[in-house]
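A.B. asks:
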Ligand code: PLP
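Numbering (our numbering), first residue to last: 3 to 393.
1) Relative to the C-alpha of residue 95, which candidate in 143, 171, 259 has its C-alpha closest?
2) Could you give the DSSP three-state label for residue 148: helix, strand or coil?
3) At a cut-off of 6 Å, would you count residue 211 as near the ligand PLP, judging by its Cβ distance to the nearest heavy atom?
4) Tell me whether the region 275-287 and the region 183-195 touch, counting them as touching only if at least three CB pairs, one residue from each stretch, are closer than 8 Å.
5) Can you name the residues that DSSP bridges to residue 236?
6) Would you report the Cα separation of residue 51 and residue 313, rounded to the nearest angstrom?
7) DSSP three-state call for residue 24: helix, strand or coil?
8) Closest to residue 149 by CA distance: which of 135, 137, 125 is it?
9) With a CB to CB cut of under 8 Å and the five nearest residues on each side skipped, what residues in its chain are close to residue 351?
10) Quick check for students: name the residue ranges of the beta strand (DSSP E) that lie wholly in the region 99-124, counting only runs of 3 or more.
11) Which residue spans inside the region 159-191 form an unbroken alpha helix (DSSP H) run of at least 4?
12) Once the 5 residues before and after residue 229 are set aside, which same chain residues still bring their CB inside 8 Å of it?
13) Is it buried or exposed for residue 76, if we count other Cβ within 10 angstroms and need 16 for buried?
14) What's the gap between the Cα of residue 338 and the Cα of residue 367?
15) Suppose you measure from the CA of residue 330 to the CA of residue 315; what does that come to, to the nearest Å?
16) Do you know whose CA, among 14, 177, 211, lies nearest residue 247's CA?
17) In chain order, what residues of the same chain lie with their CB nearer than 7 Å to the CB of residue 28, ignoring the 5 residues before and after it?
18) Counting beta carbon pairs with one atom in the region 13-28 and one in the region 131-149, are three or more of them shorter than 8 Å?
19) Between the Cα of residue 297 and those of 261, 215, 333, spot the shortest distance and give me the residue it belongs to.
20) Quick check on the DSSP output: the alpha helix (DSSP H) that includes residue 373 runs from which residue to which?
21) Along the chain, which unbroken stretches of the alpha helix (DSSP H) at least 4 residues long are found entirely within the region 271-354?
22) I'd like the list of long-range same chain contacts for residue 217, defined as Cβ closer than 6 Å, with 5 residues on each side in sequence excluded.
23) Taking residue 255 as part of the beta strand (DSSP E), name the residues at either end of that continuous run.
24) Compare the Cα-Cα distances from residue 13 to each of 120, 140, 108 and report the closest residue.
25) Report the three-state DSSP secondary structure of residue 358 (helix, strand or coil).
26) For residue 39, list the residues DSSP reports as bridge partners.
27) Kindly list the residues whose CB is nearer than 7 Å to the CB of residue 48, restricted to its own chain and excluding five residues on each side of it in sequence; keep chain order.
28) Residue 170: beta carbon under 6 Å from a heavy atom of the ligand PLP?
29) Would the region 55-66 count as touching the region 255-271 if we require 3 or more Cβ pairs under 8 Å?
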């Protein structure tokens, strides 16, 4: 049968996450017998802690097989609210909390809620590639603000504020940051909050998915610690990174009531609810012992130190010490090669999967991202392969 249809044009504006392409290629090479070390994908290499897995299994055995409330089971929303009270001493009603299938969903929701033709949305660059993709898909103009190496990959509040105009509807921020490992100092966040007083029409979405992985000199500050912003603040967070649960697809958003209602409609239209047993596992994650989180944090801190120190021994590489998340983002301009070229050499010739900085936006040229989510010995082996090649 002949077919001659045209795709709706907005689909051409969708971007992607190259980390998944690199992962597929790395798996393919590994299946052909190559010894591949994967420093490409951004997920903890640890298993989900046993007590959380057991809670998920028990939920299935107990018959939690049906749809739940589209915003998540009430106990879980309450547990998130208690967790926020415990960690940040802030009161967030469970009615503002929405459980979603992965933190990523909140990016898309935010873009759908605030983006349309003639609107502008500011986002970090280099940054998580889904920001730019979701903004473009919404029809809004994506306006990057640059994260600079000489500022520890923090944003400058002044720079963000200077990019706001009457069309700006949303600003996205991310700290601790993917791919740079940068953490924005509290003083910069305070400047942003003060500056935003002049722009009451602008909503802020803060992606805090790495909030528990912060180990540098800048302590993490949540935007929830600025109650004056609450009426126009969206928070993205979840279980994927904190509890090594990327494949369970669990995240949450916090919305002001005006946006919550519509976000709930989006949830009903798109996914109905999150997998029921996964929500019970998430409940156990929050209510159960928390030593698994601090243990992972300690591992990432040690590996980040190891990785950035070793990267600095490679000719043509220079790497800042990451302050959070689990990535190193070395500057590779000293090699005289472009980021994608380095990514390809490392994978094809050396068997080390990394992600080119350009996968995180135009300002990522000159950098590559390496994930610390692998064992110390794998990190040492990967970096010695790279060192042998370049030195
Ligand atoms: N935000 C950032 C900055 C991320 O790095 C990621 C995942 O890599 C996400 C959001 C999405 O998390 P999830 O797997 O929970 O959808």
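We treat Cβ as the ideally placed atom computed from N, Cα and C, and that holds for glycine.
C.D. replies: Short version:
1) Per the Cα distances, 259.
2) In the three-state reduction of the DSSP assignment, residue 148 falls in the strand class, which pools E and B.
3) Residue 211: yes, Cβ under 6 Å from the ligand PLP.
4) Short answer: they don't touch.
5) DSSP links residue 236 through a beta bridge to 207.
6) Looking at the two C-alpha atoms, the distance is approximately 31 Å.
7) Under the three-state reduction of DSSP output, residue 24 falls in the helix class.
8) For residue 149, the nearest C-alpha among the options comes from 125.
9) Answer for residue 351: 391, listed in chain order.
10) 99-102, all fully within the region 99-124.
11) Whole alpha helix (DSSP H) segments, 4+ residues: 159-164.
12) 92.
13) Burial call: exposed.
14) Roughly 12 Å separates the two Cα atoms.
15) If you take the alpha carbons of residue 330 and residue 315, they lie about 14 Å apart.
16) Closest by C-alpha distance to residue 247, out of 14, 177, 211, is 211.
17) The residues are 38, 40, 42, 349, 355.
18) Three or more Cβ pairs drawn from the region 131-149 and the region 13-28 lie within less than 8 Å of each other, which places the two stretches in contact.
19) Of the listed residues, the one whose Cα sits closest to residue 297 is 215.
20) Run containing residue 373: none in the alpha helix (DSSP H); it sits in the beta strand (DSSP E), 370-373.
21) As for any alpha helix (DSSP H) of minimum length 4 sitting wholly inside the region 271-354, the runs are 278-289, 293-313, 341-346, ordered along the chain.
22) These residues qualify, in order along the chain: 303.
23) Judged by DSSP secondary structure, residue 255 falls within the beta strand (DSSP E) whose first and last residues are 253-256.
24) Nearest neighbour of residue 13 by Cα position, chosen from 120, 140, 108, turns out to be 140.
25) Look at residue 358 here: in three-state DSSP terms it is strand.
26) According to the DSSP secondary-structure assignment, residue 39 is paired through a beta bridge with 354.
27) So the list reads 246, 298, once near-sequence residues are dropped.
28) Checking every heavy atom of the ligand PLP against the Cβ of residue 170, none is found closer than 6 Å.
29) Taking 8 Å as the limit for Cβ pairs, the verdict is that the region 255-271 does not touch the region 55-66.
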